[in-house]
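Report on one structure; see the data block that follows.
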Amino acid sequence: MELFIAESQWLLLLLLLPFLVLLILLLFAKSIARFFVKRMTVAALSKLLTKKYERNLAELYPSLKRFSFLHLIEMSLRAETGKAIARPLGSPKSFAGYDNLMLSPRQLTSFALPESTRIDMSVTLGPKAEKPLTLKIPLMIGGMAYGLALSEEAKLALAKASKILQTATNSGEGPFLPEEPLLAGKFILQICRWSWGGRTDQQIATADMLEVQMGQGADMGTSRIDAVDVEGRARILGGLAPGEPAIALPAPPGVQTPADWPAFMQKLRQRANGIPIALKLMATGRLEEELAMAIQLGFDAVMLDGSGGGSHATAPIKQDDFGIPNIYALVRAKRLLKNTSISLVVAGGFFTPGQCLKALALGADAIYLGTVPLLALAHNQLNKVVPWEPPTTLVYYNSPTKNQLDIGQAATSAANVITSMVLEMEETMRSLGKASFKEFSINDFVALDSTTAEITGVKEMLITGNNQPVKE
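For the sequence shown, the residue numbers in my numbering are 1231 to 1702.
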């Protein structure tokens, strides 16, 4: 019996031992942690402060002062494959924009409009066309390509959002997705620079506007998409043979040289059956030259995509070093088009209601939004992929998780974000005493710096010697 009791005590002690060790560790955890943290900190500081630069991790600090962490990543990606890399969602550079252009309301000499005042946000694009495009709001969903970028689920969600908003969505330059115009509010079909880009008469018949795509803020010119990246339904709809890559053309099918443009436009006008035909360009320093030809060719609208525009996957050099910011493009284009009936749409780097309202007040007829509705698609669905994948894997064509996107929920989220932006714009316009953005003039602004003042023609907010603002 005594032997049994002794063995039981040892067994109990063995069972309790882990708990006793854990208790001791908990009691002394702070001291133990401080000991090891101190040892590690001292060792790390000793290496940082004594080792020669060429063997010191501190070498990265002066290096990263010369170039960014992004540069380091992209250098490594280039070194890994020896191929051109493709960066998603546009340039990280901060281009000249609307931040230093401030709205300037009157408060005593003129009052704001009552909260109940209805604000007219409607817009008509291509007013001289037989069938102009009329929208309830001046914010449209920009071109994002099915198959080359977005999944079928994402494109259909954006189409449904456009119907909720009573605005337009753009097909982008991908293969024609037949369900998209059926779900859309208004549908803009791109005539684009790919083998399928001429579109069929049946496809054109579904559109409310055609858009001849020659460039965008983050891309122009030719490019190649390997066959492995265009598998599935997009390959079939694009008319690509098995194993055939998708290769962009210098211009839409039927345009081999600039001399072909007049005949191309004449034929496209016949196929359009009265709907407006727009031209989409990357805004560059040659803007006046390009717009003069657009006027001559009889386009009904011009879509200018400035630097800062997004793209699914284009070379960083095209995103960072091509084109001009849309604030420059907007002002220059408006001056050239002022005596024409050509509508002007701008895009590229619009993320806030304030940026949109300022562009409209400076003369844009409408604005394309891309990144804003795109990122909104994944709202409230992030738990499906985060933290192991970025939210955009829910919307990309080549993503294994694209089928997890709830189309209805995504459409609601995309519509909500634009609805919210419009409501803020309307509230601001009431504060300024404007019932329509067509009532704005440059006298409703003040520029905080000389560059913005020079670009826009808005009066600069100068400070006099006694620190009082100069009177308008």
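Virtual Cβ for every residue (Gly too), placed ideally from N, Cα, C.
If you drop the 5 nearest sequence neighbours on each side, which residues of the same chain put their C-beta closer than 7 Å to that of residue i?
i	result
Val1706	The shown model of the chain, from 1231 to 1702, leaves out residue 1706, and the question about it has no answer.
Met1495	Leu1527 and Gly1528
Leu1678	Asn1330, Met1332 and Met1691
Gly1469	Ser1425 and Trp1426
Gly1553	Gly1447, Met1512, Ala1513, Thr1514, Gly1536 and Ser1537
Ala1524	Leu1509 and Val1532
Give the range of the alpha helix (DSSP H) segment to which residue i is assigned.
i	result
Lys1588	Pro1583 to Ala1591
Gln1432	Asp1431 to Ile1434
Leu1363	Premise fails: Leu1363 lies in the beta strand (DSSP E), Leu1363 to Leu1365, not in any alpha helix (DSSP H).
Met1533	Taken as a continuous stretch (DSSP letters only), Met1533 belongs to no alpha helix (DSSP H), being part of the beta strand (DSSP E) at Ala1531 to Asp1535.
Gln1496	Trp1491 to Ala1502
Ile1421	Ile1421 -> not in any alpha helix (DSSP H); beta strand (DSSP E) instead, spanning Lys1416 to Ile1421.
Gln1639	Ile1637 to Ser1661
Gln1526	Leu1517 to Leu1527
Ala1559	Asn1556 to Leu1567
Thr1682	Ser1680 to Thr1686
Return the CA-CA distance between residue i and residue j, expressed in angstroms with no decimal places.
i	j	result
Arg1501	Asp1438	13 Å
Lys1632	Val1458	17 Å
Pro1603	Ile1303	28 Å
Lys1614	Gln1634	7 Å
Asn1696	Val1652	The predicted model places Asn1696 with a pLDDT of 43, which falls under 50 and marks its position as unreliable, so this point remains unresolved.
Ser1261	Lys1268	10 Å
Glu1684	Gly1536	18 Å
Gln1432	Leu1498	13 Å
Gly1373	Gly1404	9 Å
Ser1680	Gly1327	13 Å
Met1533	Ile1507	11 Å
His1609	Pro1621	9 Å
Thr1436	Leu1413	11 Å
Ala1641	Lys1390	6 Å
Ala1645	Lys1416	14 Å
Gly1173	Ile1421	The requested residue 1173 does not occur in the structure, where the chain is confined to residues 1231 to 1702.
Ala1481	Lys1568	28 Å
Pro1556	Arg1562	Here residue 1556 is Asn; the residue named in the question, Pro, does not match the sequence. Rounded to whole angstroms, Asn1556 to Arg1562 spans 10 Å at the Cα level.
Leu1307	Lys1313	9 Å
Thr1487	Leu1479	12 Å
Thr1703	Leu1605	For residue 1703 there is no data in the structure shown, the boundaries of the chain being 1231 and 1702.
Ile1672	Val1485	40 Å
Gly1638	Arg1565	42 Å
Glu1619	Thr1339	55 Å
Glu1360	Thr1311	52 Å
Count the other CB atoms within 10 Å of the CB of residue i; is the residue buried (16 or more) or exposed (fewer)?
i	result
Glu1520	buried
Glu1702	Because Glu1702 carries a pLDDT of 45, less than 50, the predicted location of this residue cannot be relied on, and the following value inherits that uncertainty. Burial call: exposed.
Val1442	buried
Asp1551	exposed
Asp1530	buried
Ser1571	exposed
Val1616	exposed
Glu1409	exposed
Met1450	buried
Gly1356	buried
Ile1455	buried
Thr1544	buried
Leu1612	exposed
Phe1667	buried
Lys1510	buried
Arg1516	exposed
Gln1585	buried
Leu1440	buried
Gly1593	buried
Starting from residue i, trace the beta strand (DSSP E) both ways and give me its first and last residue.
i	result
Lys1510	Ile1507 to Met1512
Ile1371	Leu1369 to Ile1371
Tyr1598	Ala1596 to Leu1599
Phe1675	Phe1675 to Ala1677
Val1576	Ser1573 to Ala1577
Ala1384	Run containing Ala1384: none in the beta strand (DSSP E); it sits in the alpha helix (DSSP H), Glu1382 to Leu1395.
Glu1441	Met1439 to Gln1443
Ala1215	Outside the shown range of the chain (1231 to 1702) lies residue 1215, about which nothing can therefore be said.
Within its chain, find whatever has a CB closer than 8 Å to the CB of residue i; leave out the 5 residues flanking it on each side and keep chain order.
i	result
Phe1341	Gly1663
Phe1234	Confidence at Phe1234 is low in this model, with a pLDDT of 48, below 50, so its placement is unreliable and the value that follows should be read with caution. Result list for Phe1234: empty, nothing under 8 Å.
Lys1588	Tyr1328, Leu1331, Leu1333 and Phe1675
Only counting the same chain, and skipping five residues up and downstream in sequence, which positions put a Cβ closer than 6 Å to that of residue i?
i	result
Thr1430	none
Gly1473	Ala1457
Leu1407	Tyr1376 and Lys1385
Gly1579	Gly1538
Return no unless some Cβ of chain C is closer than 8 Å to the Cβ of residue i.
i	result
Gly1377	Looking for chain C here will not work: only one protein chain is present.
What I want to know is whether the C-beta of residue i ends up closer than 7 Å to one or more non-hydrogen atoms of the ligand NAP.
i	result
Leu1604	Questions concerning the ligand NAP fall outside what the structure shown contains, since it holds no ligand whatsoever.
**Item:** At least 3 beta-carbon pairs within less than 8 Å: the region 1657-1669 vs the region 1342-1352
**Value:** In this structure the region 1657-1669 touches the region 1342-1352; the number of beta carbon pairs closer than 8 Å is three or more.
**Inter-stretch contact (C-beta, 8 Å, three-pair minimum) for the region 1627-1641 and the region 1376-1385** = Judged by pairs of C-beta atoms under 8 Å, the region 1627-1641 touches the region 1376-1385, as three or more such pairs exist.
**Request:** Take every Cβ of the region 1391-1402, pair it with every Cβ of the region 1465-1481, and state whether three or more of those distances are shorter than 8 Å.
**Result:** Result no; under three Cβ-Cβ pairs closer than 8 Å.
**Prompt:** For the region 1359-1374 against the region 1589-1602, are there 3 or more C-beta pairs whose distance is under 8 Å?
**Reply:** Taking 8 Å as the limit for Cβ pairs, the verdict is that the region 1589-1602 does touch the region 1359-1374.
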